[in-house]
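In this note's numbering, the protein residues as written are 629 to 1004. Ideal Cβ positions, reconstructed from N, Cα and C, are used throughout, including at glycine. For reference, the structure is listed below as structure tokens.
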Amino acid sequence: MTARTYDVVVIGAGIVGAACALESVSAGLKTAIVEATIIGGGATAAGMGHLTVMDDSEGQFALTQYSCKLWRELREQLPRSVEYEGCGTIWVAADDEEMAEVRRKEKYYTERGVAVEVLDGKALSLAEPNLRQGLAGALRVPGDSVIYPPCAAKFFVDRAVALGADLFIGKRVLKAEAGIVTLNDKSIISAGTVVNAAGSWSPLLAKGIDVKKRKGHLLITDRYPQFVRHQLVELGYLKSAHSVTADSVAFNIQPRQTGQMLIGSSRQYGVESSQIDSPIMTRMLERAIEYMPTLKQLSSIRTWTGFRAATPDKLPLIGPHDDDKRLYLATGHEGLGITTSLGTAKLLVDQLTGRESAIPVAPYLPGRIVQETVHA
Ligand SMILES: Cc1cc2nc3c(=O)[nH]c(=O)nc-3n(C[C@H](O)[C@H](O)[C@H](O)COP(=O)(O)OP(=O)(O)OC[C@H]3O[C@@H](n4cnc5c(N)ncnc54)[C@H](O)[C@@H]3O)c2cc1C
């Protein structure tokens, strides 16, 4: 039997693989996508859909800023199902120490061309009346947005297929080595380049990569239009989200176009089970109620969990595998893969086609020296 041959075979049709496949076929490369289950069903279905510029490191800032710009450019072409909403983010400061962080972030973002606004306690209360009284203030980032990620992944795949990409759905890749992709039905696809975009499953198909599962919980409420107007995140999140060992929770709430709200978030390492962990869910909701006491009067509809694909330095892996130059990685996006899917796709295809990149690619190359990011 002759193997089908492509320039690029993308493994995984989560938002990252979908964006990579679309960028690849748009660049004129003969492209295939292989997805074991459904489009946008992995972490992409579990995620919150916050498109946000983050400043954990220069590398993170560059990729999130670039990606948010790409999302804004795409906005007019997105179908309604993607629910793009330019609601902005409010980083909530509980006390003076966190207000100092607001000022630091204000300086950092402003120096790098991202519009931000400092709110004092009164302005915060006017912007978000359901927050508890007495909070110190906040930083508003008006350019941040939210989307519904599974429909964005579907939109990217549909577009890629319309441009000539082949989709192999319901086929699991068993092995991908030296440009030969073996599927679970024993068929073989050959490719100039294989892109491993299998999210938290990516280490199963790429030896030696340091990508670990990081579990998260979310809850969605019934419809309460205008209860919350921005994506609200506590600044304490910056302390809790970066612990590389301990379980953590933080107040993070998002308004949806339906009037519902998504409430997060939690982070746990070393957990394989996708079951709801009641003590973690309780801690997460207690934290949310601390910031927004009236939340306890509202009804919830559903809770679920998902797995982020985490690297030690919190930056994704975008580029060739050290030991197999025909295997490229597009994985390890932790809690920012919805945001950075578009930037990832550009940087990946830049490398495949020799195009110049809009931002330096070095921080994301799999062969970089990775240092654990330790935060206060
Ligand atoms: C609770 C939570 C909240 C989050 N909130 C946000 C947020 O607000 N903003 C943000 O930017 N990010 C957020 N994230 C992160 C974001 O969801 C992920 O980074 C992103 O979805 C990763 O996309 P992906 O395509 O790499 O992986 P996935 O969506 O997991 O897709 C991987 C795909 O690969 C397929 N696959 C795996 N193995 C194989 C195989 N052997 N053969 C074929 N196919 C295979 C899977 O079936 C799956 O469809 C959140 C994550 C979680 C868990």
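Own chain, CB closer than 6 Å to Thr1001, minus 5 neighbours either side, in chain order: With a pLDDT of 47 at Thr1001, under the threshold of 50, the predicted position of this residue should be treated as unreliable, and no value is reported.
Inter-stretch contact at 8 Å, needing at least 3 Cβ pairs: the region 765 to 776 / the region 709 to 721: At 8 Å Cβ cutoff, the stretches touch.
Residue span of the alpha helix (DSSP H) that contains Ala660, given as start and end: First-last for Ala660: 659 to 663, but that is the beta strand (DSSP E), not the alpha helix (DSSP H).
Ala938 in three-state terms, based on DSSP: Here Ala938 sits in strand by DSSP.
Gln761 versus Leu913: straight-line alpha-carbon distance, rounded: 18 Å
Exposure label - Ala631; buried when at least 16 CB within 10 Å: exposed
As assigned by DSSP and simplified to three states, the class of Ser652: helix
Length at least 3, wholly inside the region 720 to 803: the beta strand (DSSP E) runs in chain order: 745 to 748, 765 to 769, 794 to 797, all fully within the region 720 to 803.
Segments assigned beta strand (DSSP E), at least 3 residues, entirely inside the region 925 to 996: Counting whole runs of 3 or more residues, the region 925 to 996 contains the beta strand (DSSP E) stretches 928 to 938, 945 to 948, 955 to 959.
Val644 - DSSP class collapsed to helix/strand/coil: helix
Any 3 or more C-beta pairs closer than 8 Å across the region 795 to 809 and the region 726 to 735: Contact between the region 795 to 809 and the region 726 to 735 is not established, with fewer than three Cβ pairs separated by less than 8 Å.
Inter-stretch contact (C-beta, 8 Å, three-pair minimum) for the region 842 to 857 and the region 883 to 899: yes
According to DSSP, residues forming a beta bridge with Ser894: Val877
Residue range of the unbroken alpha helix (DSSP H) whose run includes Thr672: Run containing Thr672: 671 to 674, per the alpha helix (DSSP H) assignment.
Heavy atom of ligand 1 within 8 Å of Glu918 beta-carbon: no
Per-residue DSSP class, three states only, for Val710: helix
Residues of its chain near Ile837, where Cβ-Cβ distance is below 8 Å and the 5 sequence neighbours each way are ignored: Ser830, Pro831, Leu945, His949, Leu957, Thr959, Gly960, Pro994
Ser893 to Phe879 span [Cα, whole Å]: 7 Å
Bounding residues of the beta strand (DSSP E) (the contiguous stretch that carries Ser818): Annotation: the continuous beta strand (DSSP E) that includes Ser818 extends over 816 to 824.
Closer than 8 Å: Arg884 CB and nearest ligand 3 heavy atom: Judged by which ligands are present, ligand 3 is missing from the structure shown, whose ligands are ligand 1.
Residue from Phe784, Gly844, Ala780, Thr849 with nearest C-alpha to Leu923: Thr849
Per DSSP, cross-strand counterpart(s) of His845: The bridge partners DSSP lists for His845 are Thr933.
Cutoff 6 Å; reference Ile973; Cβ partners in own chain excluding five residues on either side: In the sequence as displayed, the identity of residue 973 is Ala instead of Ile. Hits under 6 Å: Ala647, Cys648, Glu651.
beta-carbon Phe935 near ligand 1 non-hydrogen atom, thresh 8 Å: yes
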